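Peer 1: Dropping the structure in here first, questions after.
Protein chains: 4
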Amino acid sequence: MELTDFRTAIDRYKVLFFDAFGVLKTYNALIPGIEKTFGYLRETGKEFYILTNDASRSPEQLAESYHRLGLYDIGPDSIVSSGMLAREYLQYKVENGTVAYLGTRNSAHYLETAGLKALSIADLDPENMDDIRALVFMDDEGFDWNTDLNKTLNLIRRRTIPVIVANTDKTYPMGMKTVAIAIGAVAKMIEDIVGKQFMRFGKPDAQMFIFAYQHIQNNPGVSRSDILMVGDTLHTDILGGNKFGLDTALVLTGNTRLEEVDMRIRSTGIIPTYICESAVVK
Amino acid sequence: MELTDFRTAIDRYKVLFFDAFGVLKTYNALIPGIEKTFGYLRETGKEFYILTNDASRSPEQLAESYHRLGLYDIGPDSIVSSGMLAREYLQYKVENGTVAYLGTRNSAHYLETAGLKALSIADLDPENMDDIRALVFMDDEGFDWNTDLNKTLNLIRRRTIPVIVANTDKTYPMGMKTVAIAIGAVAKMIEDIVGKQFMRFGKPDAQMFIFAYQHIQNNPGVSRSDILMVGDTLHTDILGGNKFGLDTALVLTGNTRLEEVDMRIRSTGIIPTYICESAVVK
Amino acid sequence: MELTDFRTAIDRYKVLFFDAFGVLKTYNALIPGIEKTFGYLRETGKEFYILTNDASRSPEQLAESYHRLGLYDIGPDSIVSSGMLAREYLQYKVENGTVAYLGTRNSAHYLETAGLKALSIADLDPENMDDIRALVFMDDEGFDWNTDLNKTLNLIRRRTIPVIVANTDKTYPMGMKTVAIAIGAVAKMIEDIVGKQFMRFGKPDAQMFIFAYQHIQNNPGVSRSDILMVGDTLHTDILGGNKFGLDTALVLTGNTRLEEVDMRIRSTGIIPTYICESAVVK
Amino acid sequence: MELTDFRTAIDRYKVLFFDAFGVLKTYNALIPGIEKTFGYLRETGKEFYILTNDASRSPEQLAESYHRLGLYDIGPDSIVSSGMLAREYLQYKVENGTVAYLGTRNSAHYLETAGLKALSIADLDPENMDDIRALVFMDDEGFDWNTDLNKTLNLIRRRTIPVIVANTDKTYPMGMKTVAIAIGAVAKMIEDIVGKQFMRFGKPDAQMFIFAYQHIQNNPGVSRSDILMVGDTLHTDILGGNKFGLDTALVLTGNTRLEEVDMRIRSTGIIPTYICESAVVK
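Residue numbers (numbering that gives the first Met the number 0), protein chains in the order written: chain L, 0 to 281; chain G, 0 to 281; chain F, 0 to 281; chain R, 0 to 281.
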């Protein structure tokens, strides 16, 4: 393994795709120095997008969360969230009616802007499930797991409706050494129990990358070889970027640590184009 | 598929192994007429055991639960629960110290009678996990899923300790058309997240059957061909019985319904020796 | 379940995506009457594409195979094969050097047109693997399974290179009641053994649908709601079409039979927009 | 991790269970010095058994294979093979008729001594499958994978019969750096394709350990805490031994290497009682 300087790596590309958690920020702070990277991108006129497996909040709220931390370069238009993919699916395939969801009140944004009535699983009456048109796993917060996961299970057993998972992650970081179960793992448990096939949206799936690719407007001549995907996780960021035909940079500020990076690449067979200490331009 | 009269089936055997849920009882009632079966077993001098994936209560408490419903033939000595296998493991392999558990206060019985200090996951201090010697998934009740499953996940990530699953079922019936998530499914979710290998106890595993087999004392001449396993679930009761070399009877009062039994046998490849409407001797 | 007349279904759409096996043809014959469908498409000016999990032959050879059976409407430009996606990946990510492959001599087409040197696994010298840049599972024919699968396994264990699966199907039909193991199942076995992550191309993955979507040139105003995906398999054609936001028609001339269609939809949770007896316009 | 001297470890036990491959021998040689261990066992009167996932040959032939290499202490009575468990199952549950098998001519021993007619898959006529009573995966040699695995798949699809896997290993070592696909991995591929449930015999399953446990005759007072399981593989030898309540010793002459042992134990959560350089008494 050889480390590449991050600036050297990005100088070869016109557009950057960034993962959020573990690359730009931790649970409640920015990666120290990351604002210098966005200054450099501004100077050099490089376009960028944030590709994030997150359906807990709207792009506007996600952008604000960076502003609150002191990073003002990221606007809603730069954010591609897995919640947006779920919304697109619902617009094409469900169209109208009531959709039940697991998640925070904020996560309902993606359902309501699709023109649907959003009903929190916490408010679902088990005796009155007949007009539910779809079920969406959005976020791990906003409901009581003991009672509402059983309600979810029985809804899926009784009704043949589309089930959508808007964040495929298994865990997310809470602190330096603590993680929390993400809604993707909960959805997988229910899927295993019922034996049905849910529809998943988020990295490493190609749709996430295509969605961002189609948003590249300022650079009409951009091809896939002009884009670098920057992430901290082999199984989502790097695998997805590779499969979509992009070059990829693995950074070591999140899920993958320096001392294990060689072993992880060898054992998974997922090979980034570059390995960089962090996404900070020094 | 041909239905066999239950009495005709059992007349060929000296010993009966029964599953509990869906065979002898539903969530809060006996299968109507099941007391006649136990009268017949008494008359004909056939021995029987209840093999149940259940670690929520001690054999004494499980026996009492039948007495409360009006069935007095089942004593603690007739019950082989998956909790007993977990206890046996702990006696051989953990010996002393504190064991954390997910489950009701009653489920701690299996840990305490193994000479161990039982600490509910609800009472575990995340900052003070160093003296935990093992973790046991006992039952789905007795803790807060939102907070305590994350605590469980972080305990397993930080400490290299044995993790035991004392009930491998994915769901259990709550009412005629309602099921609840069992602790086996929750344990599987955590196991998938951490990528470690937990130790599972319960049907269809051979240990459950061996445990019962070794309890057959009154009938020294009993061989496996003298035993009939009676259950309502192909993947646990029938598969486990078959694999242990027993004849098996599938009854249609629980997880497997008459209209689907042919299709289920064909699609799973799990083949019972007999199919009977119920375990009731008429 | 209600059957929809195929003509009624397609009259609502401008563009049709067809699966090949089980929809247009069986192993060595056309679905009787299917040429009438293509006559109708010609008359009504509807555009169509064949989306097929097949990397055994080039689009030209695939088109010829329809011509030999008497169907002349399908040209190479109408065919989107999973082999084309694998080729695209290789063009972006491997660029030059030698690529080992499992498959027929014809399947090497996709590698050679990507500017790569193709080396059949049958010709690979186990003592001389150092310059292999990638490995591709193309097709189940063209090599000796006993010896060459072991060679494949050891190549993947020793070298950290991208492994590509250009056909994700598990089986393909040989005759009315006989199936054969497809290369997707073989690749899955090797992937399970080594614990690495291969890159899969083919339905139900979004990339297949995007590839076809981008080929729609004659109809600049076509949106996803103008397209109908027609297939015989819930897990690939219908799931993939649904997830991409297309309406879907399940036909009963292949993997899914009339008597089981209700049960299959209910048990998988994969719901087509229409169910049609066949893709034949009467 | 701390290494324990092998003699120190075994001095605490009355009975030893040994894995074969990677502990006593490699593909075609003994582990250097292993004969000293058996001399020591003889002197000290310790009993031992070889527990091996192997159905390619009879216990007599397996014992002879040690004799040919110069180790004369191992007789047929000391060998517990997974083939013996499969035979026991067949004796109880199939009784008579023809059983198809995948494996060498020698592996048919386990079927024929169960009183059954053994028919190699290579000799099975696909048009004449009606009197096959069961199918057994014995060994990876003795048949043509290209043709006979498809025959196997179609047999299982057409007939609802028990399918037995008499060796659950995924690979076996061929040389210092080369492995071969074992029949367990092939069986898993077919099982995944058909979606049926096969019956597996071999470590880490409890039945293997019980079988050996019941053979301990010379030491009537032996309990589980008097037995040490010695193996080179965490997922079979150590997991199975632990779960059965035995103490376990991991040796580093086979599947687990010194430099990775800590990481493997931490990442799998499978914890041996001792780690020893080898099973050689110095």
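Here a beta-carbon is modelled for each residue, glycine too, at the ideal position from N, C-alpha and C. Just so it is clear, the structure is predicted and the values come from calculations on it, not from any experiment.
For tyrosine 178/L, which residues in the same chain have their Cβ closer than 6 angstroms to its Cβ, ignoring the five residues on either side in sequence?
Peer 2: The sequence shown places valine at residue 178/L, rather than the tyrosine named in the question. Thr170 and Pro172, listed in sequence order.
Peer 1: Among all the DSSP beta bridges, which residues are the ones paired with aspartate 246/L?
Peer 2: DSSP lists Leu227/L as partners of aspartate 246/L.
Peer 1: Taking the straight line between their C-alpha atoms, what separation do you get for aspartate 72/F and lysine 24/F?
Peer 2: C-alpha separation (whole angstroms): 14 angstroms.
Peer 1: Hey, out of Ile274/L, Thr235/L, Gly102/L and Gly239/L, whose CA is closest to aspartate 257/L's CA?
Peer 2: Contrary to the premise, residue 257/L reads as leucine rather than aspartate in this sequence. Ranking Ile274/L, Thr235/L, Gly102/L and Gly239/L by Cα distance to leucine 257/L puts Ile274/L first.
Peer 1: Just to confirm before moving on: does the CB-CB distance between arginine 54/F and alanine 85/F stay below 8 angstroms?
Peer 2: One detail in the question is off: residue 54/F reads as alanine in this sequence, not arginine. Yes, Cβ-Cβ distance for alanine 54/F and alanine 85/F is below 8 angstroms.
Peer 1: Check whether the segment 58 to 77 of chain L touches the segment 251 to 269 of chain L, taking contact to mean three or more Cβ pairs, one atom from each stretch, closer than 8 angstroms.
Peer 2: Counting Cβ pairs under 8 angstroms, fewer than three are found: no touch.
Peer 1: Could you give the C-beta distance for asparagine 52/L and threonine 167/L, rounded to a whole number, given that I count them as a contact under 8 angstroms?
Peer 2: Rounded, the Cβ-Cβ distance is 6 angstroms, consistent with contact.
Peer 1: Measuring alpha carbon to alpha carbon, tell me which residue in Thr272/F, Ser106/F, Leu68/F and Phe210/F is nearest tyrosine 48/F.
Peer 2: When only C-alpha atoms are compared, the closest one is Phe210/F.
Peer 1: Please state the DSSP three-state secondary structure of valine 164/R.
Peer 2: If DSSP states are grouped into helix, strand and coil, valine 164/R belongs with the strands.
Peer 1: Look at serine 266/R and glycine 220/G and say whether their C-beta atoms are less than 8 angstroms apart.
Peer 2: It is not a contact, given that the beta carbons lie outside the stated cut-off.
Peer 1: Is methionine 79/F helix, strand or coil by DSSP?
Peer 2: According to the sequence shown, residue 79/F is valine rather than methionine. In this structure, valine 79/F counts as strand in the three-state DSSP scheme.
Peer 1: Give a yes or no on contact between the segment 95 to 105 of chain L and the segment 131 to 141 of chain L, applying the rule of three or more CB pairs nearer than 8 angstroms.
Peer 2: A contact exists between the segment 95 to 105 of chain L and the segment 131 to 141 of chain L.
Peer 1: Does the beta carbon of proline 31/R sit closer than 8 angstroms to a beta carbon anywhere in chain G?
Peer 2: Judged by the 8 angstroms Cβ criterion, proline 31/R is not in contact with chain G.
Peer 1: In the structure shown, what three-state DSSP assignment does valine 221/L receive?
Peer 2: Three-state result, valine 221/L: coil.
Peer 1: So, does the CB of aspartate 236/R fall closer than 8 angstroms to a CB anywhere in chain F?
Peer 2: Answer no: the Cβ-Cβ gap between aspartate 236/R and chain F never drops below 8 angstroms.
Peer 1: With a threshold of 8 angstroms between beta carbons, is glycine 244/G in contact with chain R?
Peer 2: At least one chain R Cβ lies under 8 angstroms of glycine 244/G.
Peer 1: What in chain F is Cβ-close to isoleucine 192/R, meaning under 8 angstroms?
Peer 2: The answer, in chain order, is Lys169, Thr170, Ile180 and Ala184.
Peer 1: With DSSP run on the structure shown, which of helix, strand or coil describes methionine 173/R?
Peer 2: Of the three classes helix, strand and coil, the one that applies to methionine 173/R here is coil, per DSSP.
Peer 1: Quickly, what does DSSP pair tyrosine 48/F with across the bridge? List them, please.
Peer 2: Answer is Phe16/F.
Peer 1: Contact defined as beta carbons within less than 8 angstroms: I believe valine 185/G pairs with leucine 148/G. What is the distance between those atoms, to the nearest angstrom?
Peer 2: With 8 angstroms as the limit, valine 185/G and leucine 148/G qualify as a contact, their Cβ atoms being about 7 angstroms apart.
Peer 1: Kindly indicate if chain G contains any beta-carbon less than 8 angstroms away from that of lysine 202/R.
Peer 2: For lysine 202/R, the answer is no, since every Cβ of chain G falls outside 8 angstroms of its Cβ.
Peer 1: Starting from proline 161/R, find everything on chain G with Cβ-Cβ shorter than 8 angstroms and list it in chain order.
Peer 2: Here the neighbours are Asn241, Gly268 and Ile270.
Peer 1: Measuring straight from C-alpha to C-alpha, what distance separates glutamate 276/F and aspartate 10/L?
Peer 2: So the alpha carbons of these two residues sit roughly 56 angstroms apart.
Peer 1: Report the rounded CA-to-CA distance for aspartate 225/R versus methionine 207/L, giving the unit in angstroms.
Peer 2: One C-alpha to the other measures close to 57 angstroms.
Peer 1: Where aspartate 4/G and valine 14/G are concerned, what is the direct C-alpha to C-alpha distance, given to the nearest angstrom?
Peer 2: Cα to Cα, the separation comes out at about 17 angstroms.
Peer 1: Roughly how many whole angstroms lie between the Cα atoms of glycine 32/L and alanine 107/L?
Peer 2: Going by the C-alpha atoms only, they are around 33 angstroms apart.
Peer 1: Mind listing which residues of the segment 204 to 222 of chain L have their C-beta closer than 7 angstroms to chain F's C-betas, in chain order?
Peer 2: So the list reads Asp204, Ala205, Gln206 and Ile209, given in the order they occur along the chain.
Peer 1: Compute the beta-carbon to beta-carbon distance between arginine 156/F and isoleucine 131/F, rounded to the nearest angstrom, for a pair I have assumed lies under 8 angstroms.
Peer 2: The Cβ separation is near 13 angstroms, so there is no contact.
Peer 1: Quick one: does glutamine 285/G have its CB under 8 angstroms from some CB of chain R?
Peer 2: Because chain G is modelled from 0 through 281, residue 285/G falls outside the range shown and cannot be assessed.
Peer 1: By how many angstroms is the C-alpha of methionine 128/G removed from the C-alpha of asparagine 153/G?
Peer 2: Straight-line Cα distance between these residues: approximately 10 angstroms.
Peer 1: Please name the residue in Asp143/G, Tyr109/G and Ala133/G whose C-alpha comes closest to that of serine 122/G.
Peer 2: A small correction: the amino acid at residue 122/G is aspartate; serine does not occupy that position in the sequence shown. If we check each option's Cα against that of aspartate 122/G, Asp143/G comes out closest.
Peer 1: According to DSSP, is isoleucine 192/R helix, strand or coil?
Peer 2: Note: isoleucine 192/R maps to helix in three-state DSSP.
Peer 1: Which residues in chain L sit within 7 angstroms of leucine 152/G, going by Cβ to Cβ distance?
Peer 2: Here the neighbours are Val178 and Ile180.
Peer 1: I think threonine 235/L touches lysine 202/L, with their Cβ atoms under 8 angstroms apart; what is that distance to the nearest whole Å?
Peer 2: 4 angstroms between Cβ atoms; contact.
Peer 1: Is methionine 188/R close to chain F, meaning its C-beta is less than 8 angstroms from at least one C-beta of that chain?
Peer 2: Closer than 8 angstroms to some Cβ of chain F, the Cβ of methionine 188/R qualifies, so yes.
Peer 1: With burial defined as no fewer than 16 other Cβ atoms inside 10 Å of the residue's Cβ, what is the status of glycine 69/G: buried or exposed?
Peer 2: Classification for glycine 69/G: exposed.
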